[in-house]
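Residue numbers (this note's numbering): 158 to 495.
Yeah, the Cβ is synthetic: ideal placement off N, Cα and C, and Gly gets one too.
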């Protein structure tokens, strides 16, 4: 309505640098040295004015990264083929050894991808930026030997990504009853740990602890963490071409876009966190699926697994064989009686 449009139009654009056709060196110099994440967020647009969504975003993440509004004339400089496009960029040589540092600034970064992150909306873009901020703060902390980046939380109004690190409880176990609420309806991406939930899995608690750590780190970001008893919900897992021998692993799902990706490598917080952030940032390839499969109502406590499942299959095979032999016996007796 008119009131809402008026309120959006009144948002200031003073937190956004309007870039021209000249060199953006001064903009990047400030962005890569004076912000908490040492990063720049660029919106390439053919509009004359800064959109209200980008103004609001620049206010919400003030001090965490620099925000720039770039015209179409700058698109080729950053390998952008069409507008609108949103990039977050940082110096790849940041924190490396002296020789790399002296080589100068080498920009790298992440692009907001609607097919992965959802449509251009404030919620989706804010979640994307929050995940990059968190990733950058972790990277800068690692380069500094675990110390907080200069000008961190509490200094100059800089804030951590909203919710990151807070106690959010353990990751929920997915079932037919809660799959919609915990994954489909949350928006963003679902990061689902696929575990052997059976009683014989002695590593289950350690694997859940890894997922809990990721859930705590990523609170407020684009990934919602949960887990699934994959040896119980075998039909769901099989829809992605996976089975018991692939466990444990993690799927990142985009229910709205029917896209998915599977982690490969160690099942630890560092490997899975890098994988999840890579998918969220559009740096990891995803695959399409006709539709995210629905979870069936299953009593996982009564499901036969491992050796029990094999024994159950053997028993069924013996029963079928007995029926075949009995049928042959009856046919043989009938022929002899003729």
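Test item: CB-CB of residue i and residue j under 8 Å
i           : j           : result
residue 237 : residue 282 : no
residue 351 : residue 394 : yes
residue 222 : residue 188 : yes
residue 244 : residue 268 : yes
residue 333 : residue 219 : no
residue 200 : residue 227 : yes
residue 508 : residue 354 : No answer is possible for residue 508: it lies beyond the span of the chain, which begins at 158 and ends at 495.
residue 297 : residue 266 : no
residue 409 : residue 433 : yes
residue 326 : residue 374 : no
residue 420 : residue 406 : yes
residue 293 : residue 195 : yes
residue 462 : residue 388 : yes
residue 193 : residue 288 : no
Contacting residues, own chain, Cβ-Cβ under 6 Å from residue i (five flanking each side not counted)
i           : result
residue 174 : 184, 225
residue 382 : 328, 348, 368, 371, 372
residue 181 : none
residue 203 : 229, 240
residue 490 : none
residue 392 : none
residue 262 : 248
residue 441 : 418, 435
residue 336 : 452
residue 270 : 439
residue 396 : 450
residue 108 : With the chain covering only 158 through 495, there is no way to say anything about residue 108.
residue 428 : 422
Opening and closing residue of the alpha helix (DSSP H) in which residue i lies
i           : result
residue 449 : Looking at the DSSP string, residue 449 is not in any alpha helix (DSSP H), and its letter there is neither H nor E.
residue 265 : No alpha helix (DSSP H) contains residue 265, which is instead part of the beta strand (DSSP E) from 264 to 268.
residue 391 : 391 to 395
residue 134 : Since the displayed the chain opens at 158 and closes at 495, residue 134 lies outside it and no answer follows.
residue 415 : Where residue 415 is concerned, there is no enclosing alpha helix (DSSP H), given that its DSSP letter is neither H nor E.
residue 337 : 336 to 339
residue 356 : Segment: none, residue 356 is in no alpha helix (DSSP H) and carries neither H nor E.
residue 273 : 271 to 274
Cβ-based neighbour list, residue i, same chain, cut-off 8 Å, excluding 5 preceding and 5 following
i           : result
residue 280 : 344
residue 214 : 198, 224, 279, 282, 283, 286
residue 400 : 391, 394
Enclosing beta strand (DSSP E) for residue i [first to last residue]
i           : result
residue 386 : 380 to 386
residue 406 : 406 to 411
residue 373 : No beta strand (DSSP E) holds residue 373; the alpha helix (DSSP H) holding it covers 361 to 374.
residue 348 : 346 to 352
residue 248 : 242 to 248
residue 423 : Here residue 423 belongs to no beta strand (DSSP E), and DSSP marks it neither H nor E.
Same chain, Cβ closer than 7 Å to residue i, five either side skipped, listed in chain order
i           : result
residue 170 : 207, 212
residue 278 : none
residue 457 : 354, 386, 389
residue 479 : none
residue 482 : none
Any non-hydrogen atom of the ligand FMN closer than 7 Å to residue i Cβ
i           : result
residue 239 : Looking at this structure, you won't find the ligand FMN or any other ligand, since it has none at all.
Report the residue ranges of all beta strand (DSSP E) runs contained in full by the region 162 to 229; include only those spanning at least 3 residues, in chain order. 173 to 175, 196 to 201, 223 to 227
Is the number of C-beta pairs between the region 414 to 430 and the region 348 to 367 that are closer than 8 Å three or more? yes
Does the contact criterion of 3 or more C-beta pairs under 8 Å hold for the region 269 to 278 versus the region 404 to 424? yes
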